[in-house]
Each structure stands twice: as C-alpha cells, then as structure tokens.
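S.K.: Counting from 2, one number per residue, gives the positions in the sequence shown under the numbering used here.
We put the beta carbon where it would ideally sit given N, CA and C, even for glycine.
Just so you know, these numbers come straight off a predicted model, no measurement behind them.
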Amino acid sequence: MLRTPLCDLLGITYPIIQGGMAWVATGELAAAVSAAGGLGIIGAGSAPPEVVRREIRKVREQTDRPFGVNIYYLSPYVEELVDLVCEEKVPVVTTGAGNPGKHLPRFKEAGVKVVPVVASVALARRLERLGVDALVAEGMECGGHIGEIATMPLVPQIVDAVHIPVIAAGGIADGRGLAAALALGAAGIQMGTRFICATECTVHANYKEAVLKAGDRDAVVTGMAGHHVRVLKNKLTRQFEELSARGASWEEMDRLGTGKLRAAVEGDVEYGSVMAGQSAAMVREIKPAAAIIAEIMAEAAEVIARLGSLTR
Ligand code: TUI
2 MLRTPLCDLL
12 GITYPIIQGG
22 MAWVATGELA
32 AAVSAAGGLG
42 IIGAGSAPPE
52 VVRREIRKVR
62 EQTDRPFGVN
72 IYYLSPYVEE
82 LVDLVCEEKV
92 PVVTTGAGNP
102 GKHLPRFKEA
112 GVKVVPVVAS
122 VALARRLERL
132 GVDALVAEGM
142 ECGGHIGEIA
152 TMPLVPQIVD
162 AVHIPVIAAG
172 GIADGRGLAA
182 ALALGAAGIQ
192 MGTRFICATE
202 CTVHANYKEA
212 VLKAGDRDAV
222 VTGMAGHHVR
232 VLKNKLTRQF
242 EELSARGASW
252 EEMDRLGTGK
262 LRAAVEGDVE
272 YGSVMAGQSA
282 AMVREIKPAA
292 AIIAEIMAEA
302 AEVIARLGSL
312 TR
C-alpha cells in the first residue's frame, strides 16, 4: 500500500487532498473525500463565517475523519474565519492568495494544522521558518488564481528548499500524476479540477459538463499581471480578450470578473467564470469521490511498479 509521511501527519489513509475551491468545495464534497480516506477541504472563498460553519457541521454529520477549511486571504472575513476554525477545532487549514504567518500562533494553540498554498520558493521558506506543518506547491496549470511557475519546476525547488512535507498541485488528475509528484519529491497531491466531477460535488451539472467537454487548450488564463485566473474558454473569456485588446484598466477587468464564479457554479457556463485547471481535458467521467481516489491509488501503484522494473 502506498503511504507517505503526509498520511501520518494529517491522519489520512491516502496522500490525496481535495482543493479548497471557493463555492465549489462544499461540505458534501469535503465529507465524501474525507470519508474515502483523502483530505476533503471546504472552500470558504469569500463566504461569511456563518455559511462556513454550516459546511463544517455538514462534514461532521457525515464523517469522523479529518477534514480541512481553505481560507482565501483576500476574503473580507479572514479574521472571523480564523476565529471560526480555531473555535471549531477544524483539523487542518489550508490558505490561499496570502501569507497566514500572523495567524500561526492562534492556529497552533487551537491544535489546527496549517498547510499554506504557495506558488514560490521564497514564501515556502518564510512559512517553514514560521512553523507551518506542510505546504501545497501549486503550479500554474491549476484552475482559479494562479502563480507564474509550472508544477514540474516548482515542486522540486520547494522540496529542496524546505524540510516539511510538500504536496504537489496543478495539472494532476490521475495516478500517473500522483506517481510523478512522488518522483519530484512531493509527499502527496492536491487535486481540484478532478473533484469538480465527483458525484458529490454540488456545482450545477453545466459546470461538470463543461469540464468533461474541455480539450487540451480550453483552460485559458484571463486577467492581468499579478492577478491571473485560469478558467475554461467561453463568452466571458472572449469579453476579457476584447477588454485586454483595447487596453482596459485593471479596474474594468476586475469588474468584469466580479461575481462570475458564483454564476458558473449556479449553471451559467457561458458568461460565468468556469474555473478549472489544464487537467480538465483529462477528466472524462463523473464518479463518486471514493472511486476517483481508489482509481488513482491503483494506477499510481501500477506506474511505480512498472518504473521500478525499468531499473532491473
Ligand atoms: O487561492 C488560490 N486559488 C484561487 S482562490 C479563488 S477564490 C475567487 N477568485 C476569484 C473570484 C472569486 C473567488 C480562486 N482560485 N490558489 C492558492 C494560491 N495562493 N496560489 C497562489 C497563492 C499565493 C499567492 C501569493 C499565496 C501567497 C501569496 O503571497 C502573497 C504574500 O503575501 O506573500
């Protein structure tokens, strides 16, 4: 059986974490992933704390296994969400789009494990020094807000720079990706896009359908320097292209994007922001989270055995 130090650190059976996608990663999805032996994560996004508390309760009604909450550091509710996860003693917090350094003492005191998402070596080093438990190294193949470095060069550089477990993210959707991540020195993987097409994911069927239909060049980057967002091509991305071609301001671009993720989650996949990573093209069917995880674990074991036989 394939286990890594990440499994012991987080108390999970398989080294697979589900990305904490805003509006997409609800309690239902997180519960299914955690019940299946991975780490399910509720995406708090910019939702108020009472909404996130309901999602935490949902997970706890469905499973006793560890789970997490992702805090998006551009949310207006960051302080309240930190209070909430400490009060609820959520087992794991992942963070995105910012530096959780100032909250670490509070998380530690509450016994919450902290796993920030980073897209650079510098931030990885800084956060290790501050005492985080593990890191997600997120390459620019992933969906949503992205950094500038691809998974293949980012993961080994972060692995070399720190001593804590590193979880690879961005462009991973199958057992080959898990095996590759382990080869790069990662202790596990985080997948977002693959879990959008989990049966238990509550997004509108149109969103899942858009992921299933996506081809290799459909997950494109919109926005401007420092604020790049990867989404599936549609009428919204063409509006972004038009704005960009006529040299629109950052404010105009921002205005066009506001509220559009929620629209997509509710079914408007033409003018909504259908956030998904480049691995969308590898997602071919909707199945339960447990089946996704089982399939990936079996395939990774097969790949690793095959690679082992190459050296004999
Ligand atoms: O957070 C993400 N991806 C996201 S969050 C999100 S929510 C949303 N977006 C648009 C509209 C509505 C809702 C969608 N996608 N990924 C994690 C991530 N964090 N990637 C890169 C970073 C990051 C960037 C800079 C982490 C830290 C950082 O540091 C800044 C600093 O203070 O040093």
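Hey, is histidine 205 close to ligand 3, as in C-beta under 6 Å from one of its heavy atoms?
M.R.: You won't find ligand 3 in this model; what it holds is ligand 1.
S.K.: Closer than 6 Å to a non-hydrogen atom of ligand 1 - does that hold for the CB of leucine 3?
M.R.: Taking the first residue of the sequence shown as 1, we reach residue 3 at position 2. It does not: the Cβ of leucine 3 is nowhere closer than 6 Å to a heavy atom of ligand 1.
S.K.: Considering only their Cβ atoms, is the gap separating glutamate 142 from glycine 39 smaller than 7 Å?
M.R.: Looking up residue 39 in the sequence shown gives position 38. Looking up residue 142 in the sequence shown gives position 141. No, the Cβ-Cβ distance between glycine 39 and glutamate 142 is not below 7 Å.
S.K.: Does DSSP put alanine 26 in a helix, a strand or coil?
M.R.: Against the sequence shown, residue 26 aligns to sequence position 25. Assigned with DSSP and collapsed to three states, alanine 26 falls in coil, not helix or strand.
S.K.: When the Cβ atoms of the region 164-175 are set against those of the region 252-260, are three or more pairs found closer than 8 Å?
M.R.: The count of Cβ pairs closer than 8 Å, one atom from the region 164-175 and one from the region 252-260, stays below three, leaving the stretches out of contact.
S.K.: With a floor of 4 residues, list each alpha helix (DSSP H) that falls wholly inside the region 100-151, ordered by position along the chain.
M.R.: 105-111, 122-131
S.K.: If you reduce the DSSP assignment to three classes, tell me which class asparagine 71 lands in.
M.R.: Counted from its first residue, the sequence shown places residue 71 at position 70. Asparagine 71 falls in the strand class under three-state DSSP.
S.K.: Tell me arginine 231's beta-bridge partners as DSSP assigns them.
M.R.: Within the sequence shown, residue 231 is the residue found at index 230, counting from 1. DSSP output for arginine 231 lists Gly145, Val222 as bridge partner(s).
S.K.: Which same chain residues end up closer than 6 Å to glycine 148 when comparing Cβ atoms and leaving out the 5 residues on each side of it in sequence?
M.R.: Position 147 of the sequence shown, counted from the start, is the residue given in the question as residue 148. Sequence-distant partners of glycine 148 (beyond 5 residues in either direction) whose C-beta falls short of 6 Å from its own C-beta, in its chain, are Ala120, Met141.
S.K.: Taking the beta carbon of threonine 312 as the centre, do at least 16 other beta carbons fall within 10 Å, making it buried, or is it exposed?
M.R.: For the purposes of this step, residue 312 is identified with residue 311 of the sequence shown, where counting begins at 1. Under this definition threonine 312 is an exposed residue.
S.K.: Pull up the distance between the alpha-carbon of phenylalanine 196 and that of lysine 234, whole angstroms please.
M.R.: What you label residue 196 is simply residue 195 of the sequence shown in a count that begins at 1. What you label residue 234 is simply residue 233 of the sequence shown in a count that begins at 1. A direct Cα-Cα distance of roughly 19 Å separates phenylalanine 196 from lysine 234.
S.K.: Considering only C-alpha positions, which residue in the set Val79, Ser76, Asn207, Ala26 is nearest to glutamate 56?
M.R.: Here residue 56 refers to the residue found at position 55 of the sequence shown. It is Ala26.
S.K.: For a quick check, are the C-beta atoms of glycine 41 and glutamine 63 less than 7 Å apart?
M.R.: On the sequence shown, position 40 is the one that residue 41 refers to. On the sequence shown, position 62 is the one that residue 63 refers to. Contact: no.
S.K.: Compute the minimum distance between the beta carbon of valine 156 and the heavy atoms of ligand 1, and state whether it is under 6 Å.
M.R.: On the sequence shown, position 155 is the one that residue 156 refers to. No, the beta carbon of valine 156 sits no closer than 6 Å to any heavy atom of ligand 1.
S.K.: Below 7 Å between beta carbons: does that hold for lysine 214 and isoleucine 287?
M.R.: Here residue 214 is taken as the residue at index 213 of the sequence shown, counted from 1. Here residue 287 is taken as the residue at index 286 of the sequence shown, counted from 1. No, the pair does not count as a contact, with Cβ atoms beyond the cut-off.
S.K.: Would alanine 33 pass as a contact of glutamate 296 if the rule is Cβ separation under 7 Å?
M.R.: If you number the sequence shown from 1, residue 33 lands on position 32. If you number the sequence shown from 1, residue 296 lands on position 295. In this structure, the beta-carbon distance from alanine 33 to glutamate 296 does not fall below 7 Å.
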